[in-house]
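Residue numbers (my numbering), protein chains in the order written: chain U, 780 to 1470; chain D, 780 to 1470.
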């Protein structure tokens, strides 16, 4: 009996592209979420490495799409990834079981013959992971399952191709190998050599080719694209191919000729002379083996320290900090969709361009809260400068902003947003909003005209407009423009220990006017186009209220917590509106907690009135008022028809506005019930000024 | 008839010390508030100015206390200040009326003879102001009322004292003048000259002195300390003295000798040679005048441009910016007391030392809100570092804080507070809070012991402790220590769209334990010492909940607005508690909006549970639970008796804690009604983690 030597195989080392982890992160966040089932993926290996390199199983950035980058020398490996949700699960899950499950799939592919149809199954792998997406730490462990069966022996040492084949035969072999496109798997195949002609065939043809080989000159080989570059050892993939041979063909053949093809291209010329040629003997173990009796498996990769254990890659250090911040911010939001609110549409929030009129206590807080929701496009408007009393309440300013007369609030706030999150698209606009009753002298006319035009353009360019200023009358112009341009308009106003938050009713295109309140007031709910605006409950038009105000009336004399409540509620009201199927047209319940159509984040009330001293929160809804100074059809039509001329008359005379809207007629009536129908008896003082 | 010349008087220029405006600001903020009545004040003038200087009416820093800095050469002027609340009122108030009112007071003093008793009334003035306390702009206008009566004529040009008196007489005069302390008014007096002896007498003695002057050598003068330094014109004060003479003594005398005393000290020697001596003739107008017929008055000061109009001083430029910020911050708070909450005790808020455990979304927001309320002593505790997802939600951090691995949150937050307001006494402490069920290995023992000691000291050194961390079990240790040290402990916790805010019941000194819930549950309200703590509604002791948490369970998966609501409410709950007469022992109503004893800011509920999706806010109150793992007497006594040894056993075993508290016995009962008595069925999930 000849002396036989045990054939040993060079195991794979994993090589994961950083891009893969980024794609994997996206998949986890957006698709997998808490799912920890196995997900198919693709790997690749090559037989064209320079001698000295270990055999590597590559995982490319697009491995999860299972489309490999086409490459002449790239062979397909079939894998799957199992991701755990916690580091504890990653640690504690039985590695033996995981490997056995992977091996079982492989065994099934081998015994059923599926691996003959798709030989890439023979190069199978498992990627077991825990992704700490907050730190960009990826813990992972590869397994390349293989069986301790059969014991592969050889009687003579492996030959190089140059020893076994003539140059002509090698050249013929390479020509055939290179011409195989998708006809047979590049990783596993059969080879015939007849005379000096060599040819590559699909693996499944091996038995028929060998059976047909009557010609003593004709030889049939099992072939692999060999990832190994070692002089005497083939790569790990051969191991599973020989298991397949043992399982499928042991009845006919115990011995096989194997060609481990390695091809290096130098100066455009392919050289395969260092390929290995083996004569192997699989023994007679296979005879007694049943498909149901899977032999023991092995295959966990060792880590960098040569130990059995996982590896970790920390990608945060290599990433652009700005991008890191962006991903981190998105992460927090996407996590909402994992469990609590799967229907949440983050995209619509992300895309909503928000205009904040007023950059005081409310403006700053709302800007921050919107940013927390993922809003990226934010414009802040204010004409004031940061004063020393501001930073303790207005959370985008610091002491530095107050010095030397103070920076413009809008500019300082927009810059602060960028310092918080560099990906913000934030802008600060220093602008005075003209107001009814604040008479415009000739000298100011040009400036006011420009201011109105600037405000019109700003409202045009945004989707949602927040009225966060400190006087009633400054809300008038943006209320009118917002209604005319059919924008979503939201208001927040502070009292000493109370607040008002409200979404203005949407005025429908074409009609230019709400339904008159008197005609058809719904009983249980009010549709969005019939809801009132900030001025709908008022029986006097806004006028100059800043005149003659004492210090405590000029300042934000309010319990600091009140602005938190108002800012939180008005931001959430926008988001809830965006998540409602009817958006700004969402109906509002007339009763507290009445049954109305809800969005992903619940019903959207018309207004919220909070009373901190009594810990009360009410949600009154009221219909639009047909003589409202802010949104009635008379006013909107006058604005649409006359434009600035109309506005100027209003700036110069509140009485004119009352005449246009019809409020003056109302004043002549004794009975003033109509305007309070559907309205609320709750009044929130609005003397806050955030200078 | 001799040729007569009209005597003209040098008017006052006002000279206001900047310190006055600061005192005035304090008075306005703390005392006057909206009161716009006249307030008495004092001014002064001197007769010791170097020739060339205009006569000045000084208003010193303490002018409102009406105590002048004692000075040999300082004469008293009686004034009042009228402050308006708005710039419009300052502009529009009739200056004619104001002057007339001032002049009427003066006229009354002159005609009634009061001015003889208190001649400083003759140097009267009005200060009319508008103080823009937000900008430190002070608009002001002085009036020095005087009458266009009588027409004062003189027949020979004024002489200097050196021309009229011998050196001996001057010396005698000065000796007498210097020896007058408070016996007569330094501004207005009588003088007798007899031989070479001169003497100063009270003004009221003038008629008797003059009547008694039989001796032809003996001369009687009206005297003033003359603020003027002009060679031929006396100061404005003489004008009113001569009006007095005309009104009081015109029956007897039309002519008077007047000595306008001016004294310069050079090298310690007084020189009065440049004083003026006048012979005046008051004419006979006075004969027909009635006290009820006040003659026309004048006296508004011209401004810097020589026009009739107010002056403005901008003190902000001269002030230390840090002080400016401090005043501005106080201003906003003090304004609350003007109208809406006069009983508010700002001092107690200012002095309350707050310890914030957790520097995440809640910690940052609460710190800012406390700062808005005037809290100055703030310590933040956290063991984490700022990560990229933090700044958009945690409002004390910026992108910079995340880079290079991130700064320690507690340190970055404390620094941010100083950047917002340099007067903060803020500190950041990097500290891990040991938790029940988080087993302590031998290697960590020393560190944990130090951490416990550090936490104990921190709680000892503060008045209010906020539990703002992200896991249930991390609240256990500070709950126990806070109860043992009888501190005010407040909790805030976030769910996805809900929150819990709660004040822990105060454990009374000595008893070390709440009343057992079963003995005496009040029907309508629960006294503060019987209120439950965060753990009182739980039937299992806190254990390791951070183990095996998925990513969405680790992170703050919460609607961003929720943290605003919780932070606002927990801060306001502290402030409302501090403003309650019973402080932490304030009773809480069991019914929503039930009748209980209220503080300045209303009733203080035991807890607030908010549900953003439904826009609900509940105020459940519940009694302490006598087997509570956080505050029952068994636990507090074990902690007090055994200290760290007890804590260590709890860290290593949640079961041990359940044994000590008696919770384990409860688990054996089928009936578990006792612990929910008085409690609430509302449950807020608390899986928020703000890493």
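Glycine included, each C-beta is placed from N, C-alpha and C at the ideal position. Just so we're clear, the structure is a prediction, and the values are computed from it rather than from any experiment.
Asked, Found
"Neighbouring residues, chain D, relative to residue 1419/U (Cβ below 9 Å)", "Those do not exist, as residue 1419/U stays about 35 Å from chain D at its closest Cβ, beyond 9 Å."
"According to DSSP, residues forming a beta bridge with residue 1402/U", "1310/U"
"Under the three-state DSSP convention, the category residue 933/U falls into", "strand"
"Rounded C-alpha distance that separates residue 1345/D from residue 1274/U", "19 Å"
"Listed by chain order, chain D residues near residue 760/U by CB distance under 8 Å", "For residue 760/U there is no data in the structure shown, the boundaries of chain U being 780 and 1470."
"Three-pair Cβ contact test at 8 Å for the region 1208-1220 of chain U versus the region 1121-1128 of chain U", "no"
"Other residues of its chain near residue 833/D: CB distance less than 6 Å, five sequence neighbours each side excluded", "792"
"Minimum length 4: unbroken alpha helix (DSSP H) runs contained in the region 1068-1116 of chain D", "none"
"Cβ contact check for the region 1039-1048 of chain D and the region 870-879 of chain D: 3 or more pairs under 8 Å", "no"
"Three-state class that DSSP yields for residue 1423/U in the structure shown", "helix"
"Member of 1323/U, 1147/U, 1240/U whose CA lies at the smallest distance from the CA of residue 1349/U", "1147/U"
"DSSP-derived helix/strand/coil call for residue 1019/U", "helix"
"4 or more residues per run - each alpha helix (DSSP H) lying fully within the region 927-1005 of chain D", "940-943, 946-958, 985-990"
"Any C-beta of chain U under 9 Å from that of residue 1292/D", "Low per-residue confidence applies at residue 1292/D: pLDDT is 48, beneath 50, and the placement is therefore not dependable enough to give any value."
"Own chain residues within Cβ distance below 6 Å of residue 968/U, not counting five before or after", "979, 982, 1002"
"Reference residue 1077/D; option with closest CA among 814/D, 880/D, 1140/D, 1388/D", "880/D"
"From 1053/U, 1044/U, 923/U, residue whose alpha carbon lies closest to that of residue 1081/U", "923/U"
"Cβ pair residue 1055/D, residue 953/D closer than 9 Å", "no"
"Rounded straight-line distance, which links the Cα of residue 910/U to that of residue 861/U", "11 Å"
"Test item: CB-CB of residue 1379/D and residue 1414/D under 9 Å", "no"
"Residue-level contact to chain D via CB, residue 986/U, 9 Å cutoff", "no"
"Residues in the region 1190-1212 of chain D having any Cβ partner in chain U nearer than 7 Å", "1198, 1199, 1200, 1201"
"Contact under 9 Å by Cβ, residue 1305/U with residue 1367/U", "yes"
"Short Cβ contact (9 Å threshold) for residue 1167/D with residue 1399/U", "no"
"Test item: CB-CB of residue 1266/D and residue 1241/D under 9 Å", "yes"
"Residues from the region 1148-1178 of chain U in contact with chain D, defined by Cβ distance under 7 Å", "1148, 1150, 1151, 1152, 1166, 1167, 1168, 1170, 1171, 1172, 1174, 1177, 1178"
"Contact list for residue 1275/D against chain U, beta-carbon separation under 8 Å", "1115, 1119, 1120"
"Buried or exposed by the 16-neighbour rule on C-beta atoms within 10 Å, applied to residue 1357/U", "buried"
"Runs of beta strand (DSSP E) lying entirely within the region 882-933 of chain U, each at least 3 residues, in chain order", "903-911, 916-926"
"Residue 824/U (DSSP reduced to helix, strand or coil)", "strand"
"Residue from 1072/U, 1416/U, 1089/U, 1000/U whose Cα sits closest to the Cα of residue 1488/U", "Here chain U comprises residues numbered 780 to 1470, so residue 1488/U is not present and cannot be evaluated."
"Contacts of residue 1398/U in chain D (Cβ-Cβ under 7 Å)", "1394"
"Reference residue 1230/D; option with closest CA among 1352/D, 1347/D, 1426/D", "1426/D"
"Cutoff 9 Å: residue 914/U Cβ touching any chain D Cβ", "yes"
"Rounded distance between the beta-carbons of residue 1423/U and residue 1178/D, thought under 8 Å", "Between residue 1423/U and residue 1178/D the Cβ distance is about 42 Å, and since that is not below 8 Å, they are no contact."
"Where the beta strand (DSSP E) containing residue 1259/U begins and where it ends", "No beta strand (DSSP E) holds residue 1259/U; the alpha helix (DSSP H) holding it covers 1255-1263."
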